[in-house]
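Novice:
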DNA sequence: AGGTACATGTAACATGTTACATGATTCC
DNA sequence: GGAATCATGTAACATGTTACATGTACCT
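What follows is the structure, encoded as structure tokens:
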């Protein structure tokens, strides 16, 4: 239930049309909550129906014409409520960790290259965030900048730094290329990993 | 498309029934890929239909009786393929970061308590992972333990450590309690944040 | 006979993804 | 008038969530 609130936030920062929102979800807000234009148009329709936003009056034809939205008082109230409400952190949900675990059973073929590829991608993303930091917070946190905006950027930098560090360590720790483990016939030899449920 | 592969991995580690899988998705595998029992039963049905797993023969009634599954060769092959395939890392998707950004617009009421609550939760989760590490990897990475399993645990520890650090810093950096910003009428006063699209 | 834990499922809905459809505007 | 870009949308499907339904086994 975060997409409507992401849109409310974006519209409060700057009233926009669907396509403008889509572009901003490819940059700023999209760095921690991405959405496609289909999702955005669908959600704009719902938010308008429920009276949290409204489309600014238009003249002339509608189809194919830009449609700007602004947040109504009810929308601002809902966003404020949501911001302070209790909502537990989502558990980790990462396909790469799942693949490492699968590799422990079916072999590490292709995994090394994939880890190096991810390492490069995370390094690039980290460099991107650091560039944003230099641009928007040249003096660090101490200056007049919004501590909330700065905290969000720090989270991006911190998470990407973690992945870069972890991937570098993991690539190191991986054996050169045994590629395939016992690789048994139909459901034999499975017992080798039994009992090592981990983490648990 | 990760749930079927999570189930294949779990079944290769240990042939199980739906409920047994559900329990393991509350512990070991669930720490980085959670799933409810409804998802698991639905997916078991699909995997059986597509010939990646099969139910072990049963005698007597079926409804309400345990049904064990094992992975077929096609399932093992599919899991090995997926493990080494290219799949980009998912972008960050975190409601808490979204709420920080929303708070920059609608005010920080309730946010401080929520951050402290998350801090406690992440500290508990970190302690949990560290306990698992002491239990399953007493000698660190150097011993005979599977480096893949150890890498997965290190990821859990590293991510939780990051959140603990970041939340502690962020709670510190937050102003005591201005609670509400200008709080204008319908869509006025919004200009104060304009142009500070961040990160972007 | 009733309660609890075990065990498998259905149904309805919310959210996210992928592919495609349509009209308006601008430039050549 | 054709291509590219801007702009809004539909449709179909995959995945995840929530609530509920049903039967078995065991204990008291």
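Residue numbers (this note's numbering), protein chains in the order written: chain A, -11 to 188; chain B, -11 to 188. In this text, a Cβ means the ideal position worked out from N, Cα and C, and glycines have one as well.
Output, in chain order, the set of chain B residues within a Cβ distance shorter than 8 Å of residue 86 of chain A.
Specialist: Taking the first chain and counting its residues from 1, the one referred to as residue 86 of chain A is at position 98. Near residue 86 of chain A (Cβ distances below 8 Å), the residues of chain B are -10, -7, -6, -3, 17, 20 and 21.
Novice: Where do the N-terminal and C-terminal ends of the beta strand (DSSP E) with residue 43 of chain A fall, by residue?
Specialist: To locate residue 43 of chain A, count along the first chain from 1; it is residue 55. Here the beta strand (DSSP E) through residue 43 of chain A covers 41 to 43.
Novice: If you draw a straight line from the alpha carbon of residue 124 of chain B to that of residue 72 of chain A, how long is it in whole angstroms?
Specialist: Residue 124 of chain B sits at position 136 when you count from the first residue of the second chain. Residue 72 of chain A sits at position 84 when you count from the first residue of the first chain. So the alpha carbons of these two residues sit roughly 39 Å apart.
Novice: If you measure from the beta carbon of residue 132 of chain B to each beta carbon in chain A, is any gap under 8 Å?
Specialist: The sequence position of residue 132 of chain B within the second chain is 144, counting from 1. No, no contact with chain A.
Novice: Where do the ends of the alpha helix (DSSP H) carrying residue 36 of chain A lie?
Specialist: Here residue 36 of chain A is taken as the residue at index 48 of the first chain, counted from 1. First-last of the alpha helix (DSSP H) with residue 36 of chain A: 25 to 37.
Novice: If the cut-off is 8 Å on Cβ atoms, which residues from the segment 65 to 90 of chain B count as contacting chain A, listed in chain order?
Specialist: The residues in question are 67, 68, 70, 71, 72, 73, 74, 75, 76, 77, 78, 79, 80, 81, 82, 83, 84, 85, 86, 87, 88, 89 and 90.
Novice: Quick check on the DSSP output: the beta strand (DSSP E) that includes residue 56 of chain B runs from which residue to which?
Specialist: Working through the second chain from its first residue, we reach residue 56 of chain B at position 68. Segment 56 to 59, the beta strand (DSSP E) holding residue 56 of chain B.
Novice: Using a Cβ-Cβ cut-off of 8 Å, state whether residue 1 of chain A counts as contacting chain B.
Specialist: Counting from one through the first chain, the residue named residue 1 of chain A turns up at place 13. It does; some Cβ of chain B falls within 8 Å.
Novice: Would the segment 146 to 166 of chain B count as touching the segment 133 to 141 of chain A if we require 3 or more Cβ pairs under 8 Å?
Specialist: A contact exists between the segment 146 to 166 of chain B and the segment 133 to 141 of chain A.
Novice: Given residue 121 of chain A, which residues of its chain have a CB within under 8 Å of its CB, disregarding the five upstream and five downstream residues?
Specialist: Translated into the one-based positions of the first chain, residue 121 of chain A becomes position 133. The residues are 141 and 145.
Novice: Could you tell me the distance, in whole angstroms, from the CA atom of residue 5 of chain B to the CA atom of residue 79 of chain B?
Specialist: Here residue 5 of chain B refers to the residue found at position 17 of the second chain. Here residue 79 of chain B refers to the residue found at position 91 of the second chain. So the two alpha carbons sit approximately 33 Å from each other.
Novice: In or out: residue 32 of chain B buried (at least 16 other Cβ within 10 Å) or exposed?
Specialist: The count along the second chain starts at 1 and reaches residue 32 of chain B at position 44. Residue 32 of chain B should be labelled buried.
Novice: Is there at least one Cβ from chain A nearer than 8 Å to residue 107 of chain B's Cβ?
Specialist: Within the second chain, the letter at position 119 stands for residue 107 of chain B. No, residue 107 of chain B lies away from the interface with chain A (no Cβ there is under 8 Å from its Cβ).
Novice: Could one say the Cβ of residue 39 of chain A lies closer than 8 Å to chain B's Cβ atoms, at least one of them?
Specialist: Walking along the first chain from the start, residue 39 of chain A turns up at place 51. For residue 39 of chain A, the answer is no, since every Cβ of chain B falls outside 8 Å of its Cβ.
Novice: Taking 8 Å as the threshold (C-beta atoms), are residue 90 of chain B and residue 158 of chain A in contact?
Specialist: Position 170 of the first chain, counting from 1, holds the residue named residue 158 of chain A. Position 102 of the second chain, counting from 1, holds the residue named residue 90 of chain B. Cβ atoms of residue 158 of chain A and residue 90 of chain B: not closer than 8 Å.
Novice: Taking buried to mean at least 16 other C-beta atoms within 10 Å of its own C-beta, is residue 101 of chain B buried or exposed?
Specialist: Residue numbering aside, residue 101 of chain B sits at position 113 when the second chain is read from its first letter. Classification for residue 101 of chain B: exposed.
Novice: Residues in the same chain with beta-carbon distance under 7 Å from residue 104 of chain B, minus the five sequence neighbours each way, listed in chain order, please.
Specialist: Numbered from its first residue, the second chain carries residue 104 of chain B at position 116. Contacts found: 159.
Novice: From the DSSP secondary-structure annotation, give me the bridge partner or partners of residue 4 of chain A.
Specialist: Indexing the first chain from 1 puts residue 4 of chain A at position 16. Paired residues: A/57.
Novice: Going by DSSP in three states, residue 14 of chain B sits in which element: helix, strand or coil?
Specialist: Counting from one through the second chain, the residue named residue 14 of chain B turns up at place 26. Coil.
Novice: Counting contacts by CB-CB distance shorter than 8 Å, is residue 150 of chain B in contact with chain A?
Specialist: The residue labelled residue 150 of chain B in the question sits at position 162 within the second chain. Output row for residue 150 of chain B: interface = yes.
Novice: Along the chain, which unbroken stretches of the alpha helix (DSSP H) at least 4 residues long are found entirely within the segment 68 to 151 of chain A?
Specialist: Correct list: 83 to 94 and 99 to 124.
Novice: Rounded to the nearest angstrom, what separates residue 183 of chain B and residue 14 of chain A at their Cα positions?
Specialist: By one-based count along the second chain, residue 183 of chain B stands at place 195. By one-based count along the first chain, residue 14 of chain A stands at place 26. With a pLDDT of only 39 at residue 183 of chain B, under 50, the local geometry of the prediction cannot be trusted, and the value read off the model is given with reservation. Spanning the two alpha carbons is a distance of roughly 16 Å.
Novice: Is DSSP giving residue 20 of chain A helix, strand or coil here?
Specialist: Taking the first residue of the first chain as position 1, residue 20 of chain A is located at position 32. Residue 20 of chain A: coil per DSSP, three-state reduction.
Novice: Pick out whichever of B/69, B/70 and B/39 has its Cα sitting closest to the Cα of residue 57 of chain B.
Specialist: Locating residue 57 of chain B in the second chain gives position 69, where the first residue counts as 1. Ranking B/69, B/70 and B/39 by Cα distance to residue 57 of chain B puts B/39 first.
Novice: Go ahead and label residue 74 of chain A buried or exposed: buried means 16 or more other beta carbons lie within 10 angstroms of its beta carbon, across all protein chains shown.
Specialist: Locating residue 74 of chain A in the first chain gives position 86, where the first residue counts as 1. Label assigned to residue 74 of chain A: exposed.
Novice: Are any of the Cβ atoms in chain A nearer than 8 Å to that of residue 25 of chain B?
Specialist: By 1-based counting over the second chain, the position of residue 25 of chain B is 37. So no, residue 25 of chain B is outside the interface.
Novice: Going by other Cβ atoms of all chains shown within 10 Å of its Cβ, with 16 needed for buried, is residue -8 of chain A buried or exposed?
Specialist: The residue you call residue -8 of chain A lines up with position 4 of the first chain. Buried, since its Cβ has 16 or more Cβ neighbours within 10 Å.
Novice: Under 8 Å, Cβ to Cβ, is there at least one residue of chain A near residue 10 of chain B?
Specialist: As a position in the second chain, residue 10 of chain B is number 22, starting the count at 1. By this cut-off, residue 10 of chain B is not an interface position.
Novice: Quick one: Cα of residue 7 of chain A to Cα of residue 46 of chain A, how far?
Specialist: Taking the first chain and counting its residues from 1, one reaches residue 7 of chain A at position 19. Taking the first chain and counting its residues from 1, one reaches residue 46 of chain A at position 58. Cα to Cα, the separation comes out at about 16 Å.
Novice: Say whether chain B places a C-beta atom closer than 8 Å to the C-beta of residue 135 of chain A.
Specialist: Position 147 of the first chain, counted from the start, is the residue given in the question as residue 135 of chain A. For residue 135 of chain A, the answer is yes, since a Cβ of chain B falls inside 8 Å of its Cβ.
Novice: Using a beta-carbon distance below 8 Å, is residue 144 of chain A in contact with chain B?
Specialist: Locating residue 144 of chain A in the first chain gives position 156, counting from the first residue. By this cut-off, residue 144 of chain A is an interface position.
Novice: Listing by chain order, which chain B residues have their CB less than 9 Å from the CB of residue 4 of chain A?
Specialist: Looking up residue 4 of chain A in the first chain gives position 16. What residue 4 of chain A touches in chain B: nothing, since even the nearest Cβ is about 11 Å away.
Novice: Give me the Cβ distance between residue 94 of chain B and residue 1 of chain A, rounded to the nearest whole Å; I'm assuming they're in contact under 8 Å.
Specialist: Stepping through the second chain from its first residue, residue 94 of chain B is reached at position 106. Stepping through the first chain from its first residue, residue 1 of chain A is reached at position 13. Their Cβ separation, rounded to whole angstroms, is 11 Å, which puts residue 94 of chain B and residue 1 of chain A out of contact at 8 Å.
Novice: Say whether chain A places a C-beta atom closer than 8 Å to the C-beta of residue 102 of chain B.
Specialist: For the purposes of this step, residue 102 of chain B is identified with residue 114 of the second chain, where counting begins at 1. Yes, residue 102 of chain B lies at the interface with chain A (some Cβ there is under 8 Å from its Cβ).
Novice: Return no unless some Cβ of chain A is closer than 8 Å to the Cβ of residue 156 of chain B.
Specialist: As a working note, residue 156 of chain B is residue 168 in the second chain. Answer no: the Cβ-Cβ gap between residue 156 of chain B and chain A never drops below 8 Å.
Novice: So residue 60 of chain B and residue 41 of chain B are supposed to be a Cβ contact under 8 Å. How far apart are they, rounded?
Specialist: On the second chain, position 72 is the one that residue 60 of chain B refers to. On the second chain, position 53 is the one that residue 41 of chain B refers to. Contact holds; Cβ gap of about 6 Å.
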